[in-house]
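Structure, as structure tokens:
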Amino acid sequence: MIDIHTHILPGVDDGAANWNDAMNMARAAVAEGITTIIATPHHANGRYTNTASGVVEHVSHMNEQFKVMGVPLTIRSGQEIRLHRDLLDAWFRKELLPLAESRYVLIELPSSSIPKELVELIHELNIMQLKPIIAHPERNAEIVRYPDRLAQLIEVGAYAQVTTHSLLGGFGRQIEKTAWLLCRRGLIHIVSSDAHHVERRGFRLREAYEVIRKRMGQPWEKYFLNNAQCIIEDLPFESKPEEEPFSEGIMQRIRSYFR
Ligand SMILES: [Fe+2]
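Using our numbering, you'd call the opening residue of the sequence shown number 1 and step up by one each time.
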């Protein structure tokens, strides 16, 4: 499995605090069957600044450590870039990183609303041949209230990543419900962990894929798995499965049958 959104780099943000934490996360990832991780430290979120050159250096150091310690995991570079006014200029100043040297970039919205300038930014990024992926839209209060607003962003050229912990109920019932609603409506392209710490907020990627298979069907699990691979290989995402995801009504009937 491939995890495209993690905070595994030590001491750079609110993820792994030190090498010990980072190595624990790496071992936990391997134990789940994860082979490649994109390190996406917070950038420009008002608290943390992790510009491109520093991230690349950390990532290469970490890969060397994994080799020395025999950890079968590859780390690739990335950032979780907070939407900010200077974003395009920062790209041209080479302060920003795409995911694993692809054309995909991971964009974080504020948690309360969708800034007005986002649509224009998506257009601009598309013109630059970049593909913005919105990180965990299910945790944005405006999208929770009006899921159609995410559909509008997808329509103008964005993609969306749901977080495993949201699907598994780690952020409460409302975010869990929104996460599944967005998945079922075909508005989600990628599943990843946004892992910060092995105990407090681990990966749970295998668990999330298993629940997706049960609740939406195997074609959807495969679709999300393949899309993660597409980022690493810098390929366009797959077309959505022709099979409709299992509906919540059918799932409730199946559950009550086995009760
Ligand atoms: Fe994150």
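Where a beta carbon is used, it is the ideal one built from N, C-alpha and C, also for glycine.
Keep in mind the model is a prediction, meaning the values are calculated, not measured.
Please find out if some non-hydrogen atom of ligand 1 comes closer than 6 Å to the beta-carbon of GLU80. yes
Considering only C-alpha positions, which residue in the set SER166, ALA39, TYR159, LEU181 is nearest to PRO245? LEU181
Mind checking ILE235: buried by the 16 CB within 10 Å criterion, or exposed? Sequence inspection shows Leu at residue 235; the Ile mentioned does not correspond to that position. Exposed: under 16 other Cβ atoms inside 10 Å.
Following the continuous alpha helix (DSSP H) through GLU120, name the residue where it begins and the one where it ends. 118-127
Does the pairing of the segment 95-112 with the segment 47-54 give three or more beta-carbon distances under 8 Å? Contact between the segment 95-112 and the segment 47-54 is present, with at least three C-beta pairs closer than 8 Å.
Using DSSP's beta-bridge definition, name the partner residues of ARG145. Bridge partners of ARG145: none, in fact.
Run through the segment 42-99 for me and flag every whole beta strand (DSSP E) of 3 or more residues, listed as ranges in chain order. Counting only runs of 3 or more, we get 74-77, 80-82.
Spatial neighbours of GLY33 within its chain, please: CB distance less than 7 Å, with the 5 preceding and 5 following residues excluded, ordered by chain position. MET1, ARG206
Between which two residues does the beta strand (DSSP E) harbouring SER102 extend? No beta strand (DSSP E) holds SER102; DSSP gives it neither H nor E.
GLN161 and ILE133 - do their beta-carbons sit closer together than 7 Å? Result yes, Cβ atoms of ILE133 and GLN161 sit closer than 7 Å.
I'd like to know whether the C-beta atoms of ARG204 and THR164 end up nearer to each other than 7 Å. Going by beta carbons, ARG204 and THR164 fall inside the 7 Å limit.
Contacting residues, own chain, Cβ-Cβ under 7 Å from HIS84 (five flanking each side not counted): ALA44
Does ALA86 pass the burial test, meaning 16 or more other C-beta atoms within 10 Å, or should it be called exposed? Note that residue 86 is Asp in the sequence shown here, rather than Ala. That one is exposed.
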